[in-house]
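Data first, discussion second: the structure below is written as structure tokens.
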Amino acid sequence: MHAFKSYLTPARAAGSESNKSTRQSKPTPSTPQHRQQSSGNTLPMPSNATQSSEKPGPYRSQSTRTSARQSTVSLALTAGMRDKHASSIIDLRADVTVHGMYQEQLRKGYASAWNLGEGIVLKKGRNDFVCAPPQMQTVPYGFFDMVGQLNVSCAMTVNTPVIQSIIQGLLNSREPKDSVALEGGLQLQVLPRMTDLPRCQKHQYAAFVLDPPLLVVWDDDPNKIFARPESIEQMIISMIWKTDDGEEDDEPKNEKAIDVNIEELSPAALEEALRAEVRPVRLTSSMIVALALGLSIACLGLGYRNLALQSTIDGDYTRWALVAVTPATIFISLFFFLTISTIIFQLFGPISGVNANAKNYSGKPPRRLSPSAGELPHVTIQMPVYKEGLNSVIKPTVLSLKAAISTYEMQGGTANILVNDDGMQLIDEDEAQARREFYEEHNMGWTARPGHNPNAKNSGEEPFIRRGRFKKASNMNYALMTSNKVEEKLLEIQRGSKWGQESEDQVYAQALTQVLEESEGRTWADGNIRIGDYILLIDSDTRVPRDCLLDAVSEMEASPEIAILQYTSGVMNVSDSFFEKAVTWFTHMIYSAITFAVANGDISPFVGHNAVLRWSALQDAASYFDEEDGYEKFWSESHVSEDFDMALRLQTAGYTIRYGAYTGDGFKEGVSLTVYDELARWEKYAYGSNELIFHPLRFWITRGPFTPLFKRFLFSKIAFYRKITILAYVGTYYAIGASWLLTLFNYFYTGWFWNQLDKYYLDSFATYFSIIIVFPLVGNFALAILRYRLGQKSLLAACKLSLFSPLHLRMPT
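Numbering (full-length UniProt numbering), first residue to last: 1 to 813.
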């Protein structure tokens with residue numbers, strides 16, 4: 001029996017016993033092109049009848065625009081002539097390219113000129129392919145037809161003696177095999193027939209076909225297609241030699257090769273091994289916080305001493321009113337003292353924890369799950385986008401994601417990309433169509449919601465509100481809501497013993513079509529939008545390591561109490577500007593400080609991207625029902641810092657967050673290119689931190705100053721010293737925001753009442769001098785020493801990074 005999994009939690013999937021312990025099956029790449037329409041409210045069982053090729057969603061209404069174009073026939077004829085000429089040039093270029101590649105294929109011995117089933121296929125445009133030799137198109141259900149359904153940029157057959165010997169071994173095997181082992185713990189899929197190619201794991205970029213006996217490879221870039229069979233043959237031969245000799249190769253690895261950790265264990269062996277692995281709760285951070293609190297109390301005590309001495313001398317006790325500002329003083333100065341104590345520990349304290357594992361920190365990769373004992377968890381990569389450039393921003397990110405998915409699929413796992421496109425219904429139709437074609441070509445699922453139109457009743461349209469200040473949270477909520485609606489319809493399906501992948505694809509297509517129809521055209525979606533066991537949340541300008549998903553799911557599976565696994569990030573530079581380099585330095589400094597703090601026992605942050613989330617934890621502890629919109633949500637739409645809010649809610653519910661540093665700079669993020677972008681970013685952080693703690697002033701009388709979430713945080717089971725570090729971080733924004741106001745006040749106060757200043761009062765210059773000493777000077781020196789002690793850089797190289805320290809004076813710390 002082929003079973004399929006619903007990723008709704010058991011409470012949401014009650015009553016569907018057949019789906020509780022089964023694994024999700026993904027729609028095939030060809031599914032969006034073959035949606036079967038259903039007019040009823042229930043999903044019919046799939047049949048072998050021919051399916052409609054009509055697209056659901058926003059595409060269907062486009063054909064009704066024909067009448068509007070009839071008045072421009074003469075202009076269309078002229079434009080048509082130009083389009084025909086341009087099309088002929090494209091056809092000629094494609095023919096020349098594919099025949100040139102075919103000649104290279106013959107020269108390398110990858111194909112036989114006499115075999116019409118072997119050759120190369122190149123994509124010219126949507127549903128438009130060209131091949132060499134041209135006679136390949138005449139072969140029914142052959143390579144050309146299957147590549148068209150697979151919908152890739154370039155595909156090629158490979159028929160060499162090495163490939164033939166491997167396939168012959170597969171055919172002679174007593175038990176049928178669905179994969180071939182490669183070097184580094186990777187596996188390459190095996191397909192029984194060429195007609196199975198459209199339903200293969202597309203991100204593996206290659207497949208052995210038994211009938212006809214061939215290796216099929218494909219790539220998003222035709223210029224890289226010939227490197228794939230060479231790499232595959234090399235990995236197979238290396239695997240064979242290592243198996244025979246039983247020795248490891250001491251040669252250095254190719255820089256372009258996939259760097260994988262091949263230490264794998266089955267789930268039972270993993271559970272047994274983890275019993276021996278002790279993840280201690282490090283308490284160094286509690287000592288750092290204790291020292292910071294001691295310094296803060298000592299400084300306050302010195303101030304109180306001055307108040308007592310002066311009151312004793314002149315008998316005036318009114319100055320003791322200054323004690324009322326003590327809570328505010330501690331709040332905004334706590335991070336300053338915390339930095340001093342951290343500097344001491346960076347210079348002289350223990351550092352072994354940075355390269356080790358702890359309860360909420362991973363300095364080295366986990367033991368990996370093995371696919372031989374069962375299916376690996378399914379990962380959904382969620383990427384919210386807006387109006388970013390398709391080719392300049394989105395495409396490079398997608399190519400990075402596909403490389404990671406390719407590695408994970410070859411390790412035995414499955415993954416899909418879900419784009420939450422908030423700009424699809426706002427941009428020009430040509431740009432929107434380009435995005436749809438791009439998503440379809442790269443086998444990506446996507447959702448899009450209507451634009452913000454709260455006053456639509458006045459114009460006769462149905463209103464729609466994109467809630468939130470920056471609307472990222474509501475965008476993700478809308479996508480998750482659409483996915484859950486599809487999942488609910490799939491739970492109604494009774495799956496028999498002969499249920500297969502094609503049947504699952506059909507009912508999924510019908511479920512998605514019904515959800516889109518029920519939204520009355522407001523929701524646009526296509527592709528695989530189902531949510532897996534885990535969600536890798538990224539931004540549109542992110543790069544991920546080629547081999548990160550297996551480590552992530554192995555760590556999450558071994559620690560069910562972990563709700564979020566936050567990875568450290570490097571910086572992806574796109575220019576040579578001084579400001580971008582300066583922000584890069586600042587970002588590296590922040591992540592280095594976070595790594596040191598969490599490795600010593602501090603609480604792990606959640607920065608809203610480059611993190612793996614447990615989908616069941618979000619459904620269990622973070623979900624809430626929105627009465628206004630009428631559906632369940634997960635991300636807070638009333639907070640700017642939805643990531644901070646999510647972290648607090650999960651931790652107060654008993655889950656924990658872990659920080660992964662073993663990837664180094666593998667995850668990369670974009671940084672601000674201008675000072676205005678950086679200012680807007682920090683304003684967003686400050687606004688978000690403020691609204692998490694305080695109600696707006698107009699609600700203080702009726703609701704009180706503090707939010708329920710902040711009260712729940714204060715009385716939660718989170719360790720006291722970790723609460724202190726969170727409060728110290730939040731206090732920095734108030735210190736920055738109050739600095740100009742206090743400086744202006746100090747200017748007039750010291751000028752007008754210079755001879756009446758109380759000794760408890762500390763002027764702005766003294767504060768500024770202290771900040772200069774601690775942050776840009778001693779702080780950067782301590783960071784350089786820390787990097788030297790960890791062996792990350794030489795002492796001279798680490799000190800050179802402090803050349804951007806003057807910028808530190810102008811940036812929030």
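For each residue, glycine too, the CB sits at the ideal point set by N, CA and C.
Residues that residue i bridges to, as DSSP identifies them
i	result
N416	T380
S362	N357 and G660
K123	F129
F720	Partner(s): none; F720 has no beta bridge.
V209	L191 and L214
Q566	A611 and Y659
M156	I120 and V217
S669	The question names Ser, but residue 669 is Glu in the sequence shown. According to DSSP, which records beta bridges pairwise, E669 is partnered with T542 and V571.
I535	T380 and L613
F625	E632
Alpha-carbon spacing of residue i relative to residue j, whole angstroms
i	j	result
D220	F336	51 Å
L390	S400	14 Å
R93	L106	20 Å
N420	S689	25 Å
I313	R319	13 Å
T138	A434	30 Å
L426	G451	6 Å
L536	N475	16 Å
A798	H695	43 Å
I167	A155	19 Å
K498	Q506	14 Å
residue 814	W700	This structure leaves residue 814 out entirely; the chain is present only between 1 and 813.
E248	L150	Note that E248 scores a pLDDT of 46, beneath 50, so its modelled location is shaky and nothing firm can be said.
I560	G413	In the sequence as displayed, the identity of residue 560 is Pro instead of Ile. Straight-line Cα distance between these residues: approximately 19 Å.
D541	P198	30 Å
P280	S311	51 Å
L210	L170	8 Å
S47	F464	Confidence is the limiting factor: at S47 the pLDDT is only 46, short of 50, which leaves the residue's position unreliable and the question unanswerable from this model.
L744	D763	11 Å
E104	I225	11 Å
Q62	R449	Model confidence at Q62 stands at a pLDDT of 37, short of 50, so the residue's coordinates are unreliable; what they give is reported in the following sentence. Taking the straight line joining both Cα atoms gives about 18 Å.
T707	W682	22 Å
N41	G731	Here the model assigns N41 a pLDDT of 43, short of 50, so the residue's position is not dependable, and the following value carries that caveat. The alpha-carbon atoms of N41 and G731 are separated by roughly 53 Å.
F781	A356	24 Å
L613	I562	9 Å
T397	Y721	38 Å
T31	I288	Confidence is the limiting factor: at T31 the pLDDT is only 37, short of 50, which leaves the residue's position unreliable, though a coordinate-based value still follows. Cα to Cα, T31 sits roughly 56 Å from I288.
Contact belief for residue i with residue j at Cβ below 8 Å, rounded distance in angstroms
i	j	result
L338	A292	4 Å
F331	L679	The Cβ separation is near 23 Å, so there is no contact.
E642	S569	With a Cβ gap of about 18 Å, E642 and S569 do not count as contacting.
I564	W615	Actually they are not in contact, since the Cβ atoms of I564 and W615 sit about 11 Å apart, beyond 8 Å.
E441	D526	Not confirmed; about 12 Å, so no contact.
P384	K485	Wrong, their Cβ atoms sit about 19 Å apart, outside the cutoff.
Option nearest residue i by Cα separation, candidates the options
i	options	result
L334	G670, G100, S794 and G294	G294
L742	S406, Y761, M146 and Q514	Y761
A415	P450, G301, S764 and M444	M444
A611	G413, L783 and G666	G666
A111	G608, P133 and F644	P133
I603	R658, L550, A735 and R495	R658
F143	W524, I90 and P213	P213
T663	T595, E683 and L679	T595
A766	N746, I718, T407 and A298	N746
A622	A328, S641, Y655 and S559	Y655
P350	D95, A599, F625 and A647	A599
residue 833	F715, E627 and V675	Since the first residue shown for the chain is 1 and the last is 813, residue 833 is missing from the structure and cannot be characterised.
Y478	D551, T584 and E637	E637
V544	K402, K684, D95 and L182	K402
Q411	Y439, T380 and S372	S372
Q382	L648, I538 and E375	I538
R368	I120, A558 and L618	A558
L490	Q510, M481 and S519	Q510
beta-carbon residue i near the ligand COA non-hydrogen atom, thresh 6 Å
i	result
I381	Within the structure as shown, the ligand COA is missing, as the structure has no ligands at all.
Ordered list of alpha helix (DSSP H) runs contained in the stretch 277-352, each at least 4 residues: If we require 4 residues or more, the alpha helix (DSSP H) runs fully inside the stretch 277-352 come out as 284-314 and 326-348.
With a floor of 4 residues, list each alpha helix (DSSP H) that falls wholly inside the stretch 448-501, ordered by position along the chain. Listed in chain order, the complete alpha helix (DSSP H) runs (minimum 4 residues) inside the stretch 448-501 are 472-491.
Whole alpha helix (DSSP H) elements within the stretch 680-761, 4-residue minimum: Here the runs fully enclosed are 700-703, 708-714 and 720-752.
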